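Below is one structure, written out as structure tokens; the observations come after it.
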Amino acid sequence: MQKKQTNFDVIVIGAGPAGFASAIRCAQLGLKTACIDNWRNKKNQSRLGGSHLNTGGVASMTLLESAKLYHQLNHEIAKHGIHAEAISIDIPLMMQRKEKVIEGISHKMSDLFAHHHIDHINAKARLLNTHEIEVVSNDTQIKSILNAKHIILASGSSPTKLPCAHIDNEFIIDSITALNLEAVPKKMAIIGAGVVGLELASIWNRLGAETILLEAQDNFLSLLDQQISGEAYRIYQHQGLDLRLGARVISAKKGNKKVTIEYQDQDGTHTLRVDKLIVACGRKPNTADLAAPEANLLLDDNGYVYVDDNCRTNLPSVYAIGDLTLLGPMLAHKGIEEGVFVAERIAGLHNPINYDNLPCVVYTEPEIAWVGQTEQALRSTGEAIKIGIYPLTATIRALAMDKTEGLVKIIAHAETDKILGVHIIGTQASELIAEAVIAMEFSASSEDLARTIHARPTLSESVHDAALVLKDSALHLSTRH
Ligand code: NAD
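Mind the numbering: the sequence shown is residues 254 to 734 in our numbering, read in order.
Next up, the structure:
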């Protein structure tokens, strides 16, 4: 019988986007690699992909596509002259489709691991010291020790709990269970109008749930360009989302198949009764039992792993990537880039990440996407800027699609014309932003974008047109916006 390998060049803990990418890149670079991950699906099968694939971004995106289709059939096709009757909804089947999509992706990931001869170990891992990891097998519960020259921590994050709203997984649920409901709740509330809360609201509201978002902050989507968040607020309200800002939830109790919520705003204390309450108020790094105390892995007060600019922890040859650190926001693509970066560093290469040029997306409909700096941030530092705004109501493709809500906003330096930020709200904004990311990666000016030929009719013309606005030469707008 072949002896199990226990010595590796690299061991990655976690097989989410960051850990998976890192393991693959290590193997591509000729490093003997293992990836330890303890994920089990509902059928108790081991699964790669972490929470992003299994219970987060991909799961959410898959359901949003179903919800958009249902909404279109009910509300949008009639004006195309198409009539459909007896449209009904089968949530268990919708969930099954989602699981199938996830399963397909997870199988492809397993095939890639096999192709690259990466050892996938389904177990709980704990860092013991700079080169040793304790592993408890999910199947046998047998403990063993693995060795590696380099260790990459990529154990991700999980939803934060709120002391005032205890999760019971039935009436008061977190964002994971909210992607696994078996029926559409008649009335639901969501604590937190951040990215997660809005993405969940976009799904369930489209499927027919009366949806109320309770957000403690007065400012809506405060990190976004304020013009875009203002536009988003208006569009979401118009879609029927009940957005209550400055509303801090102070208690939530279940009883008689309902949840009674108490929240405070500037007018006092209010009570709300709903069928389901979703808690979506942030995520925390999964570091609770990631390292033995004697490993002396340095964490900050909030449990994030301390790293330097090269994702190195305080322990030599131990790295941390993705949601575990405060280097950049909790985004799957940020984790992927860090995974690749660390693998290449271990192999002696140095290809730094440009954190300033990281695209961000809110996957609602319409989508919101941005890269670079906001108008308010630039004005606060006194930067001389100029702004080009193009509404989708003036974009031919958007008119043909009947998706004219939203705009493209380009901010450029007033003198050098260098693009400093691009902010989009509109259908397929997540795709449109890629052009801006590339332009900014090459330090493009707005004139570079304006002089680049864009196919007609496409949504990308709206980006081109926003650049033309900056030159006062937009062809399809009567006035400068
Ligand atoms: P968040 O911090 O963005 O939003 C949570 C909100 O909950 C905050 O605005 C906060 O004010 C509010 N809140 C907290 N306690 C409250 C209370 N008692 N009453 C009312 N409101 C309360 O967190 P999130 O939306 O859960 O996202 C978590 C992380 O995951 C973020 O870093 C996000 O960027 C990332 N993420 C990104 C994507 C994406 O890029 N599309 C998708 C999912 C998650």
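From the three backbone atoms N, C-alpha and C, an ideal C-beta is built for every residue, glycine too. All values reported here derive from a predicted model rather than from experimental measurement.
Checklist entry - In chain order, what residues of the same chain have a beta carbon less than 8 Å from the beta carbon of Val-311, not counting five sequence neighbours either side? => result Gly-302, His-305, Val-354, Ile-355, Ile-358
Next on the checklist: Determine whether the beta carbon atoms of Arg-459 and Glu-618 lie at a separation below 9 Å.
Outcome noted: yes
Next on the checklist: Could you check whether the Cβ of Glu-515 sits closer than 8 Å to any heavy atom belonging to ligand 1?
Outcome noted: no
Checklist entry - How would you label Asn-555, buried or exposed, when you count the other beta carbons within 10 angstroms and need 16 or more for buried? => result exposed
Item to check | 6 Å CB neighbourhood of Val-532 in its chain, flanking five on each side removed | outcome: Leu-415, Ala-418, Asp-427, Ile-444
Checklist entry - Closer than 8 Å: is that where the CB of Ile-481 sits relative to any heavy atom of ligand 1? => result no
Checklist entry - Sorry if obvious, but does the Cβ on Ile-663 come closer than 8 Å to a heavy atom of ligand 1? => result no
Checklist entry - How many angstroms separate the CA atom of Val-690 from the CA atom of Thr-308? => result 28 Å
Item to check | Supposed contact pair Ile-686 and Trp-623 - C-beta distance, whole angstroms, cut 8 Å | outcome: 7 Å
Checklist entry - What is the DSSP secondary structure of Met-583, reduced to helix, strand or coil? => result coil
Checklist entry - In the structure shown, what three-state DSSP assignment does Arg-293 receive? => result strand
Checklist entry - From what residue to what residue does the beta strand (DSSP E) around Glu-515 run? => result 511-518
Next on the checklist: Let me make sure I understand the geometry here. Which of Leu-365, Gln-681, Lys-511 has the alpha-carbon closest to that of Ser-715?
Outcome noted: Gln-681
Next on the checklist: Give me, in chain order, the residues of the same chain whose beta-carbon lies closer than 7 Å to that of Tyr-557; leave out the 5 immediate sequence neighbours on both sides.
Outcome noted: Pro-538, Leu-577, Thr-578, Leu-579
Checklist entry - Got a sec: is the Cβ-Cβ distance from Asp-343 to anything in chain C below 9 Å? => result The structure shown contains no chain C, having only a single protein chain.
Checklist entry - Span of the beta strand (DSSP E) holding Thr-197? => result Residue 197 lies beyond the residue range present for the chain, which begins at 254 and ends at 734; the question has no answer from this structure.
Item to check | Distance cut-off 8 Å: Tyr-616 Cβ against heavy atoms of ligand 1 | outcome: yes
Checklist entry - Does the beta carbon of Gly-310 fall short of 8 Å from some heavy atom of ligand 1? => result yes
Item to check | Distance CB(Thr-669)-CB(Thr-657) smaller than 9 Å | outcome: no
Item to check | For Lys-236, the first and last residue of its enclosing alpha helix (DSSP H) | outcome: In the structure as shown, the chain begins at 254 and stops at 734. Residue 236 is therefore absent and cannot be evaluated.
Checklist entry - Looking at C-alpha atoms only, which residue of Ile-405, Leu-399, Ser-299 is the closest neighbour of Ser-363? => result Ser-299
Next on the checklist: Please return the same chain residues whose Cβ sits closer than 8 Å to the Cβ of Thr-566, not counting the five positions on each side in sequence.
Outcome noted: Leu-406, Leu-550, Leu-551, Val-558, Tyr-559, Val-560, Tyr-572, Ala-573
Item to check | Asn-610 to His-586 span [Cα, whole Å] | outcome: 12 Å
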